[in-house]
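One structure is given here, and the rest of the page talks about it.
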Amino acid sequence: MLSANELALVLLSTYSALAHPFFTGQHISEAENLLAEYDFVVVGAGASGLTVANRLSEESSTTVLLIKAGDLDNDKDFVTVPGLAANENIAGRAISVLLEKVVSGSIKLNYIVFNRSARSDYNSWEKLRGEGWNFKSLLLYFRKITSGDAISGFYYFNNVDRVTVTCSSAEKVYYASAVGRSNFYLLSGQQVTKILLNNGNNSMKATRVSEIGDSALLASISVDTVIDLPAVGQNLHNHVSVVIVNTINSNFTISNLGPLTTLVGDFLLFLPLSTYSNASDVIHSAATSENALTSYKSLTQKLITNDAAFLEIIWANSVLILSFQQLFSRGNIKAVSSSIFNSPLADAGFLHTHVIAPLTPFKVISELNVTSDTDLDDFIQSSADTLFHPAGTCKIELKAEGGVVNINFKVHSVEGLRIIDASVIPTLPAAHTITTVYAVAERAADIIKGKTTLRGRA
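Letter by letter, the sequence shown follows residues -19 to -1, 1 to 439 in mature numbering (1 follows the signal peptide of the UniProt record, and there is no 0).
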C-alpha cells in the first residue's frame, strides 16, 4: 500500500452520471456508491488527471478514485465558454478560454499537433524550481508517451490513427488501459464542491472559489480564507497569434492532394528572435531593466540566444498564423461570486507588456496599407488571438516568487494536496502544450509513487 490518503474525503454534488456503453471497469453512477475511503482521489479527468490516475492504479494494492464534472464523450457537442474580460490592449475584445466538460478534457478540442520544445525552454524551468526539472529528466517521459515507428518524410507528428483516421485522446489511451483494473474507479457527471483537509479539521471549497487564495479577493466575495496564497489564479499566459490571409496562385478542391490540402494547424518552423529582428539587444536591455522576478529573468535571457524560439509560423491552407511563443504579459482568473457554479472572470492578459515593441517589422502582406507604427499596432490589437494554450495560474515556484505549488506539486502550506496540470507550468515552452502536459503528468505520477523525489528551491 502506498502512503496515506492524498485527500481525506471529497464531498460531491448530486448531479447524476451517465453510463458509458464501452465501460467495463468500475463506473460509479451515484455518490452513495463510493467506498468509505480511497488511497488517492484525482479531481479532473483531463489529460493530466487521466495520466496520473492511470499510473497510480498500476499498483493493485492502491485504490484510485477519478472524478469528472463532465461525462464520457457520446458524440455530442460540448463547448463551454466561461466569463471573459474585455482587454483594452486588443481593442476591447475578449479572448476565449475554453473549458471542456468531458472525460479527456481539452485534448478533445486539440488540433492534434504533437511536439516538444527546444531543450533550453525546459532547462530554464530548473532555475525556477531546483534540481531535477530539465530537458534531460523530461526526455524519459517524452519517450514514454510515444510509440510507433519513426517514419521519414514528415516534419512533425500528430496523434491521428493512420488506419482509422481518428484522433487519439487521453480517454482512448490512459482511460482505456485503466478501466479493467479492480482498483480504478471513475465517477463522472459529478462536481466536486469541497475538500476536507487534516482529517476534517479544516475544509476548502474546490475549483475556482477555493478557500486557498488571495484573502482580499476572497473577502470581497464573502469566502473565508483557510490559506492566504495570493498567487492562485495569477500568471495566466497563452500563446498569442496573428492570422495573415494570403492569395494562392492556383485553385484546389477538397479532394485534391498536396501541401494545400494539409490539416489545419501544420506548423512550419520556430524561429529565435535574432533571425527576424536586429533589435534583440535593445529589447533585452529594456526587459532586463523592467523585470525582477526570476521567471522574467529566464525569459529575458532567451531574447539574445539562438536556442530558444520566439516565433512560430503555422501553415493553414492559404493562411499563415504567426504565434508569439515567449510571453512577458500576464493575466489572471478571478472568482466573481462565492458559488463554484458561477464561471470565473478570465483576463487573458494579452499585450499588457510592450517588451517586444522595438521589433523591426518586415513586410509580409503587400496589400496592407501600413504607413506608421500606429497602423501596425491597430492591426495587431484588432486581430491578436489565442492558440488555446493557457497555463501558469498555479505555477511551480517559490512561494515568495509567486508560486502556488512546490517542485513535487504540493500546494504551499498544505499537506496532502497536489495540483498537476498545465496550470503548474511557470513559463510556456515554445511548443503546442499537450506533449509537455503528458510528460509532466507522467513524472508527477512517479513522484507520488516514490519512484523519484525532487529537492530544490520551490
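Note that beta-carbon positions come from the ideal geometry of N, C-alpha and C, so glycine has one too.
Predicted model, so just to flag it, every value in this text is computed and none were measured.
State the DSSP-derived secondary structure class of residue i, mapped to helix, strand or coil.
| i | result |
| --- | --- |
| Phe21 | strand |
| Lys108 | helix |
| Glu192 | coil |
| Arg399 | strand |
| His393 | coil |
| Gly134 | Here the model assigns Gly134 a pLDDT of 47, short of 50, so the residue's position is not dependable, and the following value carries that caveat. If DSSP states are grouped into helix, strand and coil, Gly134 belongs with coil. |
| Val173 | strand |
| Ala329 | coil |
| Arg311 | coil |
| Asn180 | Confidence at Asn180 is low in this model, with a pLDDT of 46, below 50, so the placement of that residue should be treated as unreliable; the coordinate-derived value is given next. Note: Asn180 maps to helix in three-state DSSP. |
| Val385 | coil |
| Arg97 | coil |
| Thr367 | strand |
| Val263 | helix |
| Leu254 | helix |
| Ala159 | coil |
| Leu249 | strand |
| Ser75 | Looking at the sequence shown, residue 75 is not Ser but Ala. Reduced to three states, the DSSP call for Ala75 is strand. |
| Ala411 | coil |
To the nearest angstrom, how far is the alpha carbon of residue i from that of residue j?
| i | j | result |
| --- | --- | --- |
| Ala200 | Val317 | 11 angstroms |
| residue 449 | Leu15 | For residue 449 there is no data in the structure shown, the boundaries of the chain being -19 and 439. |
| Val24 | Leu254 | 39 angstroms |
| Ala34 | Ala17 | 18 angstroms |
| Thr256 | Asp102 | 18 angstroms |
| Gly384 | Cys375 | 7 angstroms |
| Lys432 | Asn259 | 47 angstroms |
| Ile400 | Arg424 | 13 angstroms |
| Asn389 | Val224 | 38 angstroms |
| Ser133 | Ser29 | Residue placement at Ser133 is poorly supported in this model, since its pLDDT is 47, which falls under 50; the coordinates are not used for a value here. |
| Asn313 | Leu332 | 13 angstroms |
| Ser150 | Thr355 | 43 angstroms |
| Val160 | Val386 | 30 angstroms |
| Leu409 | Gln307 | 7 angstroms |
| Ala267 | Lys283 | 13 angstroms |
| Ser104 | Glu13 | Per the sequence shown, the amino acid found at residue 104 is Asn instead of Ser. Using only the alpha carbons, I get a separation of about 46 angstroms. |
Could you check whether the Cβ of residue i sits closer than 6 angstroms to any heavy atom belonging to the ligand ADP?
| i | result |
| --- | --- |
| Asn14 | No copy of the ligand ADP appears in this structure; indeed no ligand is present at all. |
The alpha helix (DSSP H) that contains residue i, what's its start and end?
| i | result |
| --- | --- |
| Lys125 | Phe116 to Lys125 |
| Asn35 | Ala28 to Leu37 |
| Ala425 | Ile415 to Ile429 |
| Gln362 | Asp354 to Ser364 |
| Ser318 | Per DSSP, Ser318 belongs to no alpha helix (DSSP H) and is neither H nor E. |
What does a CB cutoff of less than 6 angstroms around residue i pick up in its chain, not counting 5 residues either side in sequence?
| i | result |
| --- | --- |
| Leu46 | Tyr19, Val22 and Tyr166 |
| Ser222 | Ile302, Ser304, Asp366 and Leu368 |
| Trp114 | Trp106 and Glu107 |
| Pro211 | Asp195 |
| Arg162 | Ser38 |
| Ala26 | Leu47, Lys49 and Val84 |
How would you write the range of the beta strand (DSSP E) that residue i sits in, first residue to last?
| i | result |
| --- | --- |
| Ile302 | Val300 to Phe305 |
| Phe165 | Phe165 to Ser169 |
| Gln7 | Gln7 to Ile9 |
| Ser222 | Val221 to Val226 |
| Val45 | Val45 to Lys49 |
Within the same chain, show all residues whose beta-carbon is closer than 8 angstroms to that of residue i, passing over the 5 residues directly before and after it, in chain order.
| i | result |
| --- | --- |
| Thr414 | His370, Ala372, Ala403 and Ile406 |
Might you give, ordered along the chain, the residues of its own chain that have their beta carbon closer than 7 angstroms to the beta carbon of residue i, omitting 5 neighbours on each side?
| i | result |
| --- | --- |
| residue 517 | For residue 517 there is no data in the structure shown, the boundaries of the chain being -19 and 439. |
| Lys315 | Leu198, Gly214, Pro325 and Leu326 |
| Asp427 | Thr433 |
| Ser364 | Val223 and Val224 |
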